[in-house]
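In terms of this note's numbering, the sequence shown opens at residue 176 and continues consecutively. Where is the CB? At the ideal position from N, CA and C, for every residue including glycine. Computed from a predicted model, the values in this text were never measured in an experiment. To start, the structure itself, in structure tokens.
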Amino acid sequence: MTPPDRGPALSLTAGHAHLWWVVPERFTDPDALARYRSALTDEERRKTDRFRFGRDRQLCLIARVLVRTTLSRYDRVPASQWRFQANRYGRPAIETPASSLRFNLSHTSGLVVCLVCRNREVGVDVEPRSRTGEWLALASRFFSAPEAAALRQVNATDRPRRFLEYWTLKEAYIKARGMGLAIPLGDFSFDLPPRHPDDVRIRFAPALDDNPARWQFGVRQLGEHHLVATAVEADAGAPVTITPYEAVGPLL
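Written out as structure tokens, the structure reads:
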């Protein structure tokens with residue numbers, strides 16, 4: 176892929192969203208990392224430097240640069256010139272320059288993902304498949320009653336993946352709404368097909384003011400080790416096509 180500050184802008188038409196992803200550990204060149212750091216604002220550099228461990232500082236750096244370079248693939252703005260403003264729940268959005276682009280970012284050990292589209296809200300979450308936990312206890316605490324009951328019916332071998340499908344979907348939804356955990360996780364439920372969640376449906380408790388028809392959801396595996404869930408505002412009459420791209424080579 177041509178670096179974003181060179182060559183023609185990529186097209187991102189209505190009915191499409193792009194899911195960019197990187198493996199942060201692959202970016203090790205000191206000169207490139209210094210160049211990425213120079214693209215950040217002073218405040219972004221301070222936030223990156225707060226992490227104690229080098230791997231966490233690099234993960235934060237690559238995540239911030241991926242957002243900037245992703246946006247610059249579509250709007251011909253130098254990556255260093257994007258400015259962001261967080262809402263009262265902490266979700267960042269483009270402040271300047273004016274743009275129809277919408278994005279959401281998620282990162283975990285080994286993977287950074289950025290979902291981008293135009294004129295529709297989006298949310299994304301990534302989790303490592305190696306994550307461990309007391310799945311049924313966590314579901315009883317955080318999920319809706321129907322989700323927790325459905326998870327209990329899943330074969331123990333398949334339960335970790337199914338838990339992560341629920342978890343990433345719930346995170347993607349609350350991020351798309353821009354409200355984070357201000358939305359109680361038990362106030363909405365996902366209905367997942369028995370094996371592969373290709374037709375994910377959502378239901379809302381009466382207290383949660385939203386319309387299921389407003390949203391389109393999906394879960395996919397990226398590589399061998401990560402699950403990624405996406406939430407996008409639906410397109411009346413046609414599904415939104417989400418295309419994944421790996422950001423390779425120099426980001427800047």
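- Taking C-alpha positions only, L397 is separated from T216 by approximately 30 angstroms.
- Listed in chain order, the non-local C-beta contacts of L286 below 7 angstroms within the same chain comprise W196, V198, V301, L397, H401, local neighbours out to five positions each way being set aside.
- Sequence-distant partners of S315 (beyond 5 residues in either direction) whose C-beta falls short of 7 angstroms from its own C-beta, in its chain, are A323.
- Taking C-beta atoms as the reference points, H193 and T343 fail to come closer than 9 angstroms.
- Rounded to the nearest whole angstrom, the C-alpha separation of N294 and L427 is 26 angstroms.
- Non-local beta-carbon contacts of L276 in its own chain, meaning distances under 8 angstroms to residues more than five positions away in sequence, involve L187, L246, Y249, D250, I269, V291, C292, R293 in chain order.
- Taking 3 residues as the shortest admissible run, the stretch 327–410 contains the following complete beta strand (DSSP E) segments, listed from N- to C-terminal end: 363–366, 376–379, 390–397, 401–408.
- Excluding residues up to 5 positions away in sequence, F202, Q233, L236 lie with their Cβ nearer than 8 angstroms to the Cβ of L208 in the same chain.
- The alpha carbon of R243 has as its nearest neighbour, out of I349, C289, A347, the alpha carbon of C289.
- DSSP, read as helix, strand or coil, puts G229 in helix.
- A straight-line Cα-Cα distance of about 31 angstroms links R336 and A411.
- DSSP lists A261 as the bridge partner or partners of P267.
- When P368, S319, A351 are compared, the shortest CA-CA separation from P267 is found for A351.
- Distance check between A273 and each of S281, F259, N279 places F259 closest, using alpha-carbon atoms only.
- L339 is the residue among E200, R225, L339 whose C-alpha sits nearest the C-alpha of L313.
- As the crow flies, the alpha-carbon of E346 is around 8 angstroms from that of G355.
- Cα atoms of V407 and A422: separation of roughly 21 angstroms, rounded to the nearest angstrom.
- Between V375 and F392, the beta carbon gap of about 4 angstroms places them in contact (Cβ cut-off 8 angstroms).
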